[in-house]
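Here the structure comes first, spelled out in structure tokens, and everything after it is commentary.
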Amino acid sequence: METLFIHVTNVLLPVLLCVLVGYGLALFKTNFDTKTVGSVVGNVGYPTLILSHLTAKHISFGAFLDVMAAAAVMILCFGVIAFAFLKIIRKPAQAFLSPMILNNVGNIGLPISLLAFGNEGMAIGLAVVAVVIACIFTIGMWIPIGKVSLRDLIRQPAVYSVVLALILMGTDTSLPAPIASCFSILGGLSIPLMLLTLGFTLATLRLAGIITGAYLAVFHIAMAATVAYMITWLFGFTGTTRGVFILMCLMPASVATYLWVERYQKDYASDVASYIMISTLLTIAVVPLALTFWI
Numbered sequence: 077m078e079t080l081f082i083h084v085t086n087v088l089l090p091v092l093l094c095v096l097v098g099y100g101l102a103l104f105k106t107n108f109d110t111k112t113v114g115s116v117v118g119n120v121g122y123p124t125l126i127l128s129h130l131t132a133k134h135i136s137f138g139a140f141l142d143v144m145a146a147a148a149v150m151i152l153c154f155g156v157i158a159f160a161f162l163k164i165i166r167k168p169a170q171a172f173l174s175p176m177i178l179n180n181v182g183n184i185g186l187p188i189s190l191l192a193f194g195n196e197g198m199a200i201g202l203a204v205v206a207v208v209i210a211c212i213f214t215i216g217m218w219i220p221i222g223k224v225s226l227r228d229l230i231r232q233p234a235v236y237s238v239v240l241a242l243i244l245m246g247t248d249t250s251l252p253a254p255i256a257s258c259f260s261i262l263g264g265l266s267i268p269l270m271l272l273t274l275g276f277t278l279a280t281l282r283l284a285g286i287i288t289g290a291y292l293a294v295f296h297i298a299m300a301a302t303v304a305y306m307i308t309w310l311f312g313f314t315g316t317t318r319g320v321f322i323l324m325c326l327m328p329a330s331v332a333t334y335l336w337v338e339r340y341q342k343d344y345a346s347d348v349a350s351y352i353m354i355s356t357l358l359t360i361a362v363v364p365l366a367l368t369f370w371i
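So the sequence shown is numbered by our numbering: it starts at 77 and just counts up by one.
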């Protein structure tokens, strides 16, 4: 148990320290443009990270497709359960649904997957990230706005990088060495920038509606654990794939969804901010338990 505790600490502590650095940047009012950083990560970091890891053959073509399918089922299950719960507690789905169904698998999930399971864990995590990113910039926007636009999907570079990576994996083709090295360097920007952005954003969220945020966060953990158990059993996931997928299910609400809620559902922005903050803090307690007793 002592060895396992040390391992869990070694996995989580670097992630938390990086988040705290971002939090400190906000406290000291350092000039940190989250929109610019987010644009760099979304347009350069994520696409090159996906291509560099997937074409390095840390995961098979079939296994990657299986995890992508499981991620889509995860979001669907979250959507059905969360929608029913919001109806019961009489909260507007247009404000709360997207944060409840889209997890922060990029900022927190990828670093933990890499540290806990190595390059294979990173590759498996990227399958989930690819699906969630596509959803954040589609249904994550459409729900708060109240309208659907397919143009948002085709404007995401990460979508094209996944398609290209699948073609390369399916044809057993490798990237030329200079390009692979370039993508590895550029992709390496993603994780530290995402963690700094997470910390900075959390520090700038205004907390109100603590009670609403707290019970939504607790419900999210219960929902996530149930869905993780069902999907890993349904798809027959074992070993590293099972561990990474459970972690991804348990991740907190995505900070990115708050941007759309703040813009289009202002009346509920403070409640959603509280939910995201408490959900993130709750994950710090839940993930070590999951790594120790479940995964």
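Where a beta carbon is used, it is the ideal one built from N, C-alpha and C, also for glycine. Just so you know, these numbers come straight off a predicted model, no measurement behind them.
- In the three-state scheme derived from DSSP, where H, G and I count as helix and E and B as strand, residue 349 is classed as helix.
- In the displayed model, residue 329 falls within a strand according to three-state DSSP.
- The C-beta separation of residue 233 from residue 119 comes to about 5 Å, placing the pair in contact by the 8 Å criterion.
- Exclusion of the five residues before and after residue 101 leaves 108 and 276 as the residues of its chain whose Cβ lies within less than 6 Å of its Cβ.
- In this structure, the beta-carbon distance from residue 326 to residue 301 falls below 8 Å.
- Collapsing the DSSP output to three states places residue 107 in coil.
- For residue 180, the three-state secondary structure derived from DSSP is coil.
- Sequence-distant partners of residue 87 (beyond 5 residues in either direction) whose C-beta falls short of 8 Å from its own C-beta, in its chain, are 188, 191, 192 and 367.
- Measuring C-alpha to C-alpha distances from residue 211 to each of 304, 117 and 181 identifies 181 as the nearest.
- Measuring C-alpha to C-alpha distances from residue 272 to each of 133, 97 and 90 identifies 97 as the nearest.
- Between residue 143 and residue 321, the CB-CB gap stays under 8 Å.
- Per DSSP, residue 313 lies in no alpha helix (DSSP H) and is assigned neither H nor E.
- CA-to-CA, the gap between residue 281 and residue 170 works out to about 20 Å.
- Of all alpha-carbon atoms in 274, 318 and 329, the one lying nearest the alpha-carbon of residue 111 is that of 274.
- Distance between residue 262 and residue 268, taken at the CA atoms: about 12 Å.
- DSSP places residue 268 within a helical segment (H, G or I) once states are collapsed to three.
- The beta carbon of residue 128 sits closer than 6 Å to the beta carbons of 259, 260 and 263 from its chain, once the five residues preceding and following it are set aside; these are given in chain order.
- In the three-state scheme derived from DSSP, where H, G and I count as helix and E and B as strand, residue 170 is classed as helix.
- Look at the beta carbons and you see the stretch 326-343 touching the stretch 212-224: at least three pairs across the two are nearer than 8 Å.
- Taking 4 residues as the shortest admissible run, the stretch 218-242 contains the following complete alpha helix (DSSP H) segments, listed from N- to C-terminal end: 227-230.
- Straight-line measurement puts the Cα of residue 265 at about 33 Å from the Cα of residue 305.
- For residue 137, the enclosing alpha helix (DSSP H) starts and ends at 137-165.
- Here the stretch 133-149 lies against the stretch 239-247, with 3 or more beta-carbon pairs under 8 Å apart.
- Residue environment for residue 197: buried (at least 16 other C-beta atoms within 10 angstroms of its C-beta).
- Per DSSP, residue 124 is one residue of the alpha helix (DSSP H) stretching across 122-130.
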